[in-house]
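Participant: Before I ask anything, here is the structure I am working with.
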């Protein structure tokens with residue numbers, strides 16, 4: 511089952527192309543820092559701006575670099591059910607540990623349409639599926655009854671929750687018990703600023719933007735929680751919070767790409783319609799990274 515500090519990895523570019531060497535170096539660095547898993551080609555990885563061949567290139571490079579030491583999860587999202595099914599099939603054939611799939615965006619389907627969307631994906635592939643609830647990007651917030659219904663689908667193994675209600679892991683667990691769905695299921699936060707609170711409400715970990723620049727601190731916070739070292743947990747939680755906030759100052763991953771470039775681990779290069787952040791935002795990120803101890 512997936513748990514702990516899982517990084518939503520950026521996709522590094524150089525002169526308009528995927529920087530495959532940088533992908534491999536980032537994966538190795540994340541593993542050395544103690545990260546528990548990697549998601550590639552998600553929204554933080556500009557997955558919607560990559561071609562099919564580029565998505566395969568990124569996943570293959572990450573899998574090769576990881577060498578089965580930690581799971582590599584593939585972002586597989588589109589408003590088209592048919593497209594997602596093909597993405598999931600490709601991810602399985604390449605060797606991904608799971609697929610992370612967001613609620614169909616733009617088309618705004620009704621709850622039954624959402625259920626049938628995910629049901630068809632689970633019918634088409636045996637690859638484990640993590641459902642991504644992100645109302646900020648899709649305008650749809652999955653209800654607890656619908657999430658519980660989705661959790662009962664055979665290949666659905668967890669949820670990445672970027673919703674606004676921190677009661678979700680508590681309520682969903684209760685609803686799954688009520689429906690006699692007792693299979694293993696992972697509860698993963700998708701929101702860095704509230705990840706600590708999500709853990710306290712029964713979360714198993716989080717898929718993190720901040721872990722791209724502070725992987726060691728993120729996994730140390732998880733370890734402190736697991737070992738009941740609440741003093742260390744609280745210290746790291748407060749240490750990371752200004753960085754969480756700074757990385758959200760403009761649309762993700764534009765602030766993050768700048769932050770990672772300050773660590774000399776990628777070029778500050780994005781795909782349109784994403785653009786580099788303003789100089790005022792750069793200053794705020796530098797300040798946050800200095801206060802967190804990542805820069806001098």
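Residue numbers (this note's numbering): 511 to 806. Even glycine gets a Cβ: it sits at the ideal position worked out from N, Cα and C. Model, not experiment: these values are computed from the prediction.
(1) Going residue by residue through the stretch 744 to 798, where are the continuous alpha helix (DSSP H) segments of at least 4 residues, counting only ones entirely within it?
(2) Using 8 Å as the threshold, is the C-beta distance between residue 594 and residue 541 below it?
(3) So what does residue 584 bridge to, in DSSP terms?
(4) So, do the stretch 610 to 621 and the stretch 581 to 599 have three or more beta carbon pairs nearer to each other than 8 Å?
(5) Suppose contacts are defined by Cβ-Cβ distances below 8 Å. Is residue 585 in contact with residue 549 by that definition?
(6) Taking Cβ positions only, does residue 644 come closer than 8 Å to chain B?
(7) Can you tell me where the alpha helix (DSSP H) with residue 574 in it begins and where it stops?
(8) Compute the Euclidean distance between the alpha carbons of residue 620 and residue 773, then round it to the nearest angstrom.
(9) Looking at C-alpha atoms only, which residue of 657, 666, 796, 771 is the closest neighbour of residue 644?
(10) Suppose contacts are defined by Cβ-Cβ distances below 8 Å. Is residue 765 in contact with residue 757 by that definition?
(11) Could you tell me whether the Cβ atoms of residue 564 and residue 533 are closer together than 8 Å?
(12) How should residue 718 be labelled, buried or exposed, when 16 other C-beta atoms within 10 angstroms of its C-beta is the threshold for buried?
(13) Would you list the residues sitting across from residue 642 in a DSSP beta bridge?
(14) Check residue 512 in the structure and name its three-state DSSP category.
(15) Note the first and the last residue of the continuous alpha helix (DSSP H) segment covering residue 625.
(16) Thinking residue 521 and residue 762 are a contact (beta carbons under 8 Å), I'd like their distance in whole angstroms, please.
(17) What did DSSP end up calling residue 517 once you bin it into helix, strand or coil?
(18) Kindly give me the distance between the Cβ atoms of residue 642 and residue 670, rounded to whole angstroms, as I take these residues to be in contact under 8 Å.
(19) From the DSSP secondary-structure annotation, give me the bridge partner or partners of residue 524.
(20) Within the same chain, show all residues whose beta-carbon is closer than 6 Å to that of residue 784, passing over the 5 residues directly before and after it, in chain order.
(21) Where do the ends of the beta strand (DSSP E) carrying residue 637 lie?
(22) Under the three-state reduction of DSSP, which class applies to residue 699: helix, strand or coil?
(23) Could you name the residues of the same chain whose beta carbon sits closer than 6 Å to that of residue 787, not counting the 5 residues immediately before and after it, in chain order?
(24) Go through its chain and collect everything with a Cβ distance to residue 720's Cβ below 7 Å, but skip five positions before and after it.
Facilitator: Taking the geometry as given:
(1) 764 to 772
(2) no
(3) 550, 609
(4) yes
(5) yes
(6) The chain inventory of the structure shown lacks chain B, comprising one protein chain alone.
(7) 562 to 576
(8) 44 Å
(9) 657
(10) yes
(11) no
(12) buried
(13) 612, 670
(14) coil
(15) 621 to 634
(16) The pair is not a contact, with the Cβ atoms about 13 Å apart (cut-off 8 Å).
(17) strand
(18) 5 Å
(19) 527
(20) 764
(21) Per DSSP, residue 637 belongs to no beta strand (DSSP E) and is neither H nor E.
(22) strand
(23) 760, 764, 765, 768
(24) 702, 728, 750, 753, 754, 757
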